[in-house]
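Q:
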Amino acid sequence: MTSGPRYPELAGTVAAVSGGASGIGEASVRALAEQGATVWMLDIDSAAVESTRASLLALGLDVNGIVCDVSDEASVVAAITRILAESGRLDTVHCNAAVTWTEPVSSTTLAGWKRVIDINLTGAFLLAKEAYLAMRTAGNGGSIIFTGSPHALRTIPESSAYSASKGGVAALMKALAIEAAPFGIRVNSVLPGAVDTPLLRSDAALSDDPEAMIRRWGASRPVGRIGKPDEIASVVAFLASEGASYMSGSEIMVDGGLYAYLGDGMKTIDDN
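Residue numbers for the sequence shown follow this note's numbering, beginning at 262 and rising by one.
#1: For residue 347, is the classification buried or exposed, using 16 other Cβ atoms within 10 angstroms of its Cβ as the cut-off for buried?
#2: Below 8 angstroms, can you find three or more Cβ-Cβ pairs linking the region 322-332 to the region 283-302?
#3: Which two residues bound the contiguous alpha helix (DSSP H) that contains residue 426?
#4: Opposite residue 301 in the DSSP bridges: which residues?
#5: Roughly how many whole angstroms lie between the Cα atoms of residue 513 and residue 309?
#6: Decide yes or no for the touch test of the region 347-356 against the region 381-401: beta carbon pairs closer than 8 angstroms, at least 3 of them.
#7: Among 378, 350 and 369, which one has its Cα closest to the Cα of residue 331?
#8: Compute the Euclidean distance between the alpha carbons of residue 434 and residue 406, then round it to the nearest angstrom.
#9: Skipping 5 residues on each side, what residues in its chain have a beta carbon closer than 6 angstroms to that of residue 275?
#10: Determine the DSSP secondary structure at residue 526, reduced to helix, strand or coil.
#11: Less than 8 angstroms between C-beta atoms, sequence neighbours within five positions excluded: which residues of the same chain meet that for residue 361?
#12: Kindly provide the ranges of any beta strand (DSSP E) runs that are 3 or more residues long and lie completely inside the region 344-384, ordered along the chain.
#13: Rounded to whole angstroms, how far is the Cβ of residue 395 from the Cβ of residue 341, which I believe are closer than 8 angstroms?
#14: Compare the beta carbon distance of residue 402 and residue 445 with 8 angstroms and say whether it is the shorter of the two.
#15: Let me check understanding here. Comparing Cα to Cα, which of 334, 477, 414 and 297 lies closest to residue 430?
#16: Just curious, the beta strand (DSSP E) that residue 404 is in, first and last residue?
#17: In this structure, does DSSP put residue 452 in helix, strand or coil?
#18: Would you report the Cα separation of residue 503 and residue 493, rounded to the nearest angstrom?
#19: Looking only at its chain, what residues have a beta carbon closer than 6 angstroms to the beta carbon of residue 466, apart from the 5 residues adjacent to it on each side?
#20: If you draw a straight line from the alpha carbon of residue 432 to that of residue 336, how long is it in whole angstroms?
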C-alpha cells in the first residue's frame, strides 16, 4: 500500500483510468482504490489488464478491467456505458493513456504523427467527453484529470508529434474546465517529468546504453533522480479529492524541479 494523505470522501466513489494497466496509470488505479474508490482500469493490452487487476485484487482493492482503445470512439463509449451500467455512477476520470514518438520533423511520417495524435490527444478528448457527459447528466459534479507533459510548454529536439499532442491536451483541459465548471465538474492536469515507467524505458532503449540514459535523465533534475509512478498518482488522488475543490483549469508540474531550472535539460546541473 502507498503512504500519503487520506481522502475519506473518495470512499464509495467510482473512478476510471485509461492506460491503467502499467506505469503512471497503474499507480493511479492503485492510489484511488486505496482511498476506497471502485476503479475501472482501461487499457488496450488485454493481458496486462488481466494480470494487473489480479495483482490489485490480491491486495483487497476494488478494481475492474476493461480492454479499451481510447482512439476508437465506439470502444470508449462502450467502456463508459459499461461502467455506468455496473457501478451506477462515475465521479473521477484520469485520461492517462499515451504513447511516445522520437523522430525529427524531417523524417516523421504521417502515419507516425497520426498514431501519436490519435492516442494522446484524440483519445484524451474521447474519454473526457464521455466522462463529462455522464457527470453532467448525473448532476453530482466530478473530477476529470489529464496526464499532460512539460513538453506542452517546453520541449527538446525530435519530439514534435509528442509535444504537439500534449500541447493539444493542455488546451483541451482548459477549454473543458471552463465548459464544465457550471456543472460542478473540475478539470485539471498533472504534468509528470521523467518517471520510471515502461514508456520511459522504451525511450531509453533507443540509446546505446539505456541505464546510463536513465541516470542522465535523473541527474538533469535538481532533485537528482527520475520520478516514481506513485509520486504522480498521489497528485491524481489529491485532484480527485475535496482538497482540490477550488482547483480547475490548473496544471500541476511534478518534474523534480526541472522546469524551474534555467539550463539544458539534457545535461546534469554539475555540467553547467
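Heads up, the beta-carbon is just placed ideally off N, CA and C, and yes, glycines get one too.
A: Taking the coordinates as given:
#1: Residue numbering aside, residue 347 sits at position 86 when the sequence shown is read from its first letter. The residue in question, residue 347, is exposed, as its Cβ has fewer than 16 Cβ neighbours within 10 Å.
#2: yes
#3: Here residue 426 refers to the residue found at position 165 of the sequence shown. Run containing residue 426: 421-441, per the alpha helix (DSSP H) assignment.
#4: For this step, residue 301 is matched to residue 40 along the sequence shown. According to DSSP, which records beta bridges pairwise, residue 301 is partnered with 277 and 325.
#5: For the purposes of this step, residue 513 is identified with residue 252 of the sequence shown, where counting begins at 1. For the purposes of this step, residue 309 is identified with residue 48 of the sequence shown, where counting begins at 1. Roughly 28 angstroms separates the two Cα atoms.
#6: These segments touch.
#7: Walking along the sequence shown from the start, residue 331 turns up at place 70. Cα-wise, what sits closest to residue 331 is 378.
#8: As a working note, residue 434 is residue 173 in the sequence shown. As a working note, residue 406 is residue 145 in the sequence shown. Straight-line Cα distance between these residues: approximately 8 angstroms.
#9: Residue 275 sits at position 14 when you count from the first residue of the sequence shown. These residues qualify, in order along the chain: 299, 348, 350, 351 and 352.
#10: Stepping through the sequence shown from its first residue, residue 526 is reached at position 265. Its pLDDT being 45, under 50, residue 526 is placed unreliably in this model, and the value from its coordinates should be taken loosely. Looking at residue 526 - three-state DSSP - the assignment turns out to be coil, as it is neither helix nor strand.
#11: Translated into the one-based positions of the sequence shown, residue 361 becomes position 100. The residues 377, 423, 460, 463 and 464, in chain order, have a CB closer than 8 angstroms to that of residue 361 in the same chain once the five nearest residues on each side in sequence are set aside.
#12: If only uninterrupted beta strand (DSSP E) runs of at least 3 residues are considered, those enclosed by the region 344-384 are 353-356.
#13: As a first step, residue 395 must be located in the sequence shown, where it is residue number 134. As a first step, residue 341 must be located in the sequence shown, where it is residue number 80. Contact between residue 395 and residue 341 holds, with the beta-carbon distance rounding to 6 angstroms and staying under 8 angstroms.
#14: Within the sequence shown, residue 402 is the residue found at index 141, counting from 1. Within the sequence shown, residue 445 is the residue found at index 184, counting from 1. Taking 8 angstroms as the Cβ cut-off, residue 402 and residue 445 qualify as a contacting pair.
#15: What you label residue 430 is simply residue 169 of the sequence shown in a count that begins at 1. Ranking 334, 477, 414 and 297 by Cα distance to residue 430 puts 414 first.
#16: By one-based count along the sequence shown, residue 404 stands at place 143. Residues 403-408.
#17: In the sequence shown, the residue the question calls residue 452 occupies position 191. Residue 452: strand per DSSP, three-state reduction.
#18: Within the sequence shown, residue 503 is the residue found at index 242, counting from 1. Within the sequence shown, residue 493 is the residue found at index 232, counting from 1. Approximately 18 angstroms between the Cα atoms of the pair.
#19: Within the sequence shown, the letter at position 205 stands for residue 466. Closer than 6 angstroms at Cβ, skipping near neighbours: no residue.
#20: Start at 1 with the first residue of the sequence shown, and residue 432 comes out as number 171. Start at 1 with the first residue of the sequence shown, and residue 336 comes out as number 75. Each residue's Cα considered, the two are about 24 angstroms apart.
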